[in-house]
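*Asks:* One structure coming up, written as structure tokens, with questions to follow.
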Amino acid sequence: MIGRIKGMLLTKQPPELLVDVQGVGYEMEAPMSTFYQLPTVGDEVVLHTHLVVREDAQLLYAFYSTAERRLFRDLIRINGVGPKLGLTILSGISAADFARAVHEGDAAALTGLPGVGKKTADRLIVELRDKLSEATAPIGDDTATSAGSGQAYQASPVSDAVSALTALGYKAPEASRMVRAIDATGLETEAIIKAALQSAVKG
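Numbering follows my numbering, in which position 187 of the sequence shown is assigned residue number 189; successive positions increment by one, without gaps.
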């Protein structure tokens, strides 16, 4: 099991990133809550990882904190919640809001996330209600700035944001609508994604 990666951040295009560790490049996927806290491309980064081994692939998922990874692991243990949906949940709602929704039985707050239907929301509430108080508290602040981020993708931050939202589970027309609904002028990719997700939750 690969549990931790420390190396140079080579590329970051949500939800994918590449880290060089002594000449070996590790491809990983991460939720937006992690992307908001990544350093500038070329800087050193430390990430906590979770390896998923399938018959056709070995997939590495990266998280900024161990608490964030723990929540991801709790999510994917639930029937019907795979790694992709786990990343979508962590990307679309803050850990604090997720915990609040679960403890209060607020299924409506969860069904607004792509891929989370009423049955899945109810299952999350029932199975995670007693597990989240410790798991979510230390997770990084979702309001963290993205200063210096996305510098490798300045040519088309809007299209990159749409692509990232699509990869996170939103349908292409919906992703485009979410980006059009905000003022993306002068924003880089991760800032656009963050604003689009926040706007969608408020809506």
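No residue lacks a Cβ here, since even glycine has one placed at the ideal position from N, Cα and C. These figures come from a predicted structure and were not determined experimentally.
1) Nearest CA to the CA of D162: which residue from E176, G171, V181?
2) For P33 and L92, what's the separation of their Cα atoms in angstroms?
3) For a quick check, are the C-beta atoms of D124 and A109 less than 9 angstroms apart?
4) Give the secondary structure of T51 by DSSP, where H, G and I count as helix, E and B as strand, and everything else as coil.
5) With distance defined between alpha-carbon atoms, name the residue in A98, Q24, V55, E57 nearest to V47.
6) Got a sec, what are the start and stop residues for the beta strand (DSSP E) G27 sits in?
7) Please determine if the stretch 186-201 and the stretch 74-88 are in contact, where contact requires at least 3 C-beta pairs separated by less than 8 angstroms.
8) To the nearest angstrom, how far is the alpha carbon of I141 from that of L49?
9) If you run the structure through DSSP and keep just helix, strand and coil, what is G9?
10) Going straight from the alpha carbon of G150 to that of V54, what length do you get?
11) Rounded to the nearest angstrom, what separates L167 and I95 at their Cα positions?
12) Should the stretch 188-203 be called in touch with the stretch 56-72, which here means at least 3 C-beta pairs below 8 angstroms?
13) Is it right to say A97 is buried, meaning 16 or more other beta carbons lie within 10 angstroms of its own, or is it exposed?
14) Whole angstroms are fine: how far does the CA of L62 sit from the CA of G5?
15) From the DSSP secondary-structure annotation, give me the bridge partner or partners of Y63.
16) Along the alpha helix (DSSP H) that carries E18, what are the first and last residues, could you check?
17) Within this structure, are the beta carbons of G117 and L87 separated by less than 9 angstroms?
18) Look at the alpha carbon of P159 and the alpha carbon of I194, and state the distance between them as a whole number of angstroms.
19) Where does M3 land, buried or exposed, given buried means 16+ other C-beta within 10 angstroms?
*Replies:* So, from the listed chains and residues:
1) Translated into the one-based positions of the sequence shown, residue 162 becomes position 160. Comparing Cα positions, the closest option is V181.
2) As a first step, residue 33 must be located in the sequence shown, where it is residue number 31. As a first step, residue 92 must be located in the sequence shown, where it is residue number 90. Those two C-alpha atoms are separated by around 6 angstroms.
3) In the sequence shown, counting from the first residue as 1, residue 124 sits at position 122. In the sequence shown, counting from the first residue as 1, residue 109 sits at position 107. Yes.
4) Looking up residue 51 in the sequence shown gives position 49. Correct three-state label for T51: strand.
5) By 1-based counting over the sequence shown, the position of residue 47 is 45. Nearest C-alpha to V47: Q24.
6) Numbered from its first residue, the sequence shown carries residue 27 at position 25. It spans 26-31 - the beta strand (DSSP E) in which G27 sits, taken as one unbroken run.
7) no
8) Here the question's residue 141 lines up with position 139 in the sequence shown. Here the question's residue 49 lines up with position 47 in the sequence shown. Note on I141: pLDDT 40, under 50, position unreliable in the model; the coordinate value appears next. Distance between the alpha carbons of I141 and L49: 13 angstroms.
9) Position 7 of the sequence shown holds residue 9. Residue state, collapsed to three classes: strand.
10) Against the sequence shown, residue 150 aligns to sequence position 148. Against the sequence shown, residue 54 aligns to sequence position 52. With a pLDDT of only 33 at G150, under 50, the local geometry of the prediction cannot be trusted, and the value read off the model is given with reservation. Their backbone Cα atoms lie some 30 angstroms apart in a straight line.
11) Working through the sequence shown from its first residue, we reach residue 167 at position 165. Working through the sequence shown from its first residue, we reach residue 95 at position 93. Cα to Cα, L167 sits roughly 14 angstroms from I95.
12) no
13) Here residue 97 refers to the residue found at position 95 when the sequence shown is read from its first residue. Label assigned to A97: buried.
14) Numbered from its first residue, the sequence shown carries residue 5 at position 3. Numbered from its first residue, the sequence shown carries residue 62 at position 60. Spanning the two alpha carbons is a distance of roughly 10 angstroms.
15) Position 61 of the sequence shown, counted from the first residue, corresponds to residue 63. In DSSP, Y63 forms a bridge with E31, H52.
16) Working through the sequence shown from its first residue, we reach residue 18 at position 16. No alpha helix (DSSP H) contains E18, which is instead part of the beta strand (DSSP E) from 18-23.
17) Counted from its first residue, the sequence shown places residue 117 at position 115. Counted from its first residue, the sequence shown places residue 87 at position 85. A contact, by the Cβ cut-off of 9 angstroms.
18) Numbered from its first residue, the sequence shown carries residue 159 at position 157. Numbered from its first residue, the sequence shown carries residue 194 at position 192. Going by the C-alpha atoms only, they are around 8 angstroms apart.
19) If you number the sequence shown from 1, residue 3 lands on position 1. Under this definition M3 is an exposed residue.
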